[in-house]
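Below is one structure, written out as structure tokens; the observations come after it.
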Amino acid sequence: NAGVMQNPRHLVRRRGQEARLRCSPMKGHSHVYWYRQLPEEGLKFMVYLQKENIIDESGMPKERFSAEFPKEGPSILRIQQVVRGDSAAYFCASSREGASNQPQHFGDGTRLSIL
Amino acid sequence: GIQVEQSPPDLILQEGANSTLRCNFSDSVNNLQWFHQNPWGQLINLFYIPSGTKQNGRLSATTVATERYSLLYISSSQTTDSGVYFCAVERYNFNKFYFGSGTKLNVKP
Numbered sequence: 029n030a031g032v033m034q035n036p037r038h039l040v041r042r043r044g045q046e047a048r049l050r051c052s053p054m055k056g057h058s059h060v061y062w063y064r065q066l067p068e069e070g071l072k073f074m075v076y077l078q079k080e081n082i083i084d085e086s087g088m089p090k091e092r093f094s095a096e097f098p099k100e101g102p103s104i105l106r107i108q109q110v111v112r113g114d115s116a117a118y119f120c121a122s123s124r125e126g127a128s129n130q131p132q133h134f135g136d137g138t139r140l141s142i143l
Numbered sequence: 019g020i021q022v023e024q025s026p027p028d029l030i031l032q033e034g035a036n037s038t039l040r041c042n043f044s045d046s047v048n049n050l051q052w053f054h055q056n057p058w059g060q061l062i063n064l065f066y067i068p069s070g071t072k073q074n075g076r077l078s079a080t081t082v083a084t085e086r087y088s089l090l091y092i093s094s095s096q097t098t099d100s101g102v103y104f105c106a107v108e109r110y111n112f113n114k115f116y117f118g119s120g121t122k123l124n125v126k127p
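Chains A and B, in that order, are what the protein sequence lines are.
For the first sequence, my numbering puts the final residue at 143, and the numbers step up evenly by one.
For the second sequence, my numbering puts the final residue at 127, and the numbers step up evenly by one.
Structural data, given as structure tokens:
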């Protein structure tokens, strides 16, 4: 019973490039959440998605960041034209239903480094 | 949003000692989880505990939802307990976790 799978584990990009982070939720889970963790800080909510729908993107920067969770395949967090400040650990979580009264299960994260 | 405060921010223990970590939150919540982030950055889910008390080996947790706090107890600490402990809470229908800043634990041999 695989947990939440994120890849890659580490990603290095140069300023101005694009970063794509992937997340496959646990089997049977249709709700996905993305969080960002800056160095020495707690995790901050970015976006909540269900299949083919963005439910809440209130934590997502308005520019350069986008997320999707297609009918088939993993959820993708996409960062265009990366800058140094995007360096962080990005965690994905999933739950069986909406998070209320359901635990969220986290992946191991993707560590993004911008040169 | 909800304010989540964890204390202490840093804790140094000798192996074998016990400790209590605290999480205060500013509003009613219907979901609370404790996590351990190990030195490799992985988030380990310790407890899903919106209320009541749970135990798992040397760890136990208690949440008093009406008084807006949760406690994580670590007994007979080991060096492998080192890392950062996070508390995360969620309000009903908000569908997002609010994380505290964590307690950084260093257990010395």
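For glycine and all other residues, C-beta sits at the position ideal for the given N, C-alpha and C.
Span separating the alpha-carbon of residue i from that of residue j
i: B:THR80; j: B:GLY70; result: 6 Å
i: B:SER46; j: B:GLN60; result: 28 Å
i: A:ARG124; j: A:PRO53; result: 9 Å
i: A:LEU105; j: B:SER100; result: 31 Å
i: B:VAL22; j: B:TRP52; result: 12 Å
i: B:GLN96; j: B:CYS41; result: 22 Å
i: B:GLY118; j: A:GLN108; result: 29 Å
i: A:HIS133; j: A:TRP62; result: 11 Å
i: B:TYR91; j: A:LEU143; result: 41 Å
i: B:TYR66; j: A:GLN130; result: 9 Å
i: B:PRO68; j: A:PRO98; result: 31 Å
i: B:GLY75; j: A:ALA117; result: 30 Å
i: B:GLN73; j: B:SER94; result: 14 Å
i: B:TYR110; j: B:GLN24; result: 21 Å
i: A:TYR76; j: A:ARG50; result: 14 Å
i: A:ARG41; j: A:ARG139; result: 11 Å
Contact under 8 Å by Cβ, residue i with residue j
i: B:PHE104; j: A:GLY70; result: yes
i: A:GLN45; j: A:VAL110; result: yes
i: B:THR121; j: B:LEU50; result: no
i: A:SER141; j: A:CYS120; result: no
i: B:VAL102; j: B:GLU33; result: no
i: A:GLY135; j: A:MET33; result: yes
i: B:GLU108; j: B:ASN48; result: yes
i: B:LEU29; j: B:LEU89; result: no
i: A:LYS79; j: A:SER58; result: yes
i: A:VAL60; j: A:SER122; result: yes
Neighbour list for residue i in chain A, Cβ cutoff strictly below 7 Å
i: B:TYR66; result: PRO131
i: B:GLY120; result: GLY70
Three-state secondary structure (DSSP) of residue i
i: A:ASP84; result: strand
i: A:ARG64; result: strand
i: B:GLU108; result: strand
i: B:ALA83; result: helix
i: A:GLY113; result: helix
i: B:ASP28; result: strand
Neighbour list for residue i in chain B, Cβ cutoff strictly below 8 Å
i: A:ARG48; result: Per Cβ cutoff of 8 Å: no residues; A:ARG48 is ~20 Å from chain B at best.
9 Å Cβ cut-off: residues of chain B touching residue i
i: A:ARG139; result: GLY59
Contact list for residue i against chain A, beta-carbon separation under 9 Å
i: B:GLN51; result: PRO131 and GLN132
i: B:SER69; result: The contacting residues do not exist; B:SER69 stays about 11 Å from chain A at best.
i: B:PHE115; result: TYR61, TYR63, LEU71, PHE73, ALA121, ALA127 and GLN132
i: B:PHE104; result: GLY70 and LEU71
i: B:ASN63; result: PRO131, GLN132, HIS133 and PHE134
Under 7 Å by beta carbon: chain B residues contacting residue i
i: A:ILE82; result: Result: empty, since nearest Cβ-Cβ is about 12 Å, beyond 7 Å.
i: A:ALA30; result: Correct list: empty, because the minimum Cβ distance to chain B is about 15 Å.
i: A:ALA116; result: By Cβ distance, chain B contributes nothing, its closest Cβ being about 11 Å from A:ALA116, past 7 Å.
Any non-hydrogen atom of the ligand GTP within 7 Å of residue i CB
i: B:SER44; result: Although the ligand GTP was asked about, the structure shown includes no ligands whatsoever.
Three CB pairs or more closer than 8 Å across the segment 74-88 of chain A and the segment 107-116 of chain B: yes
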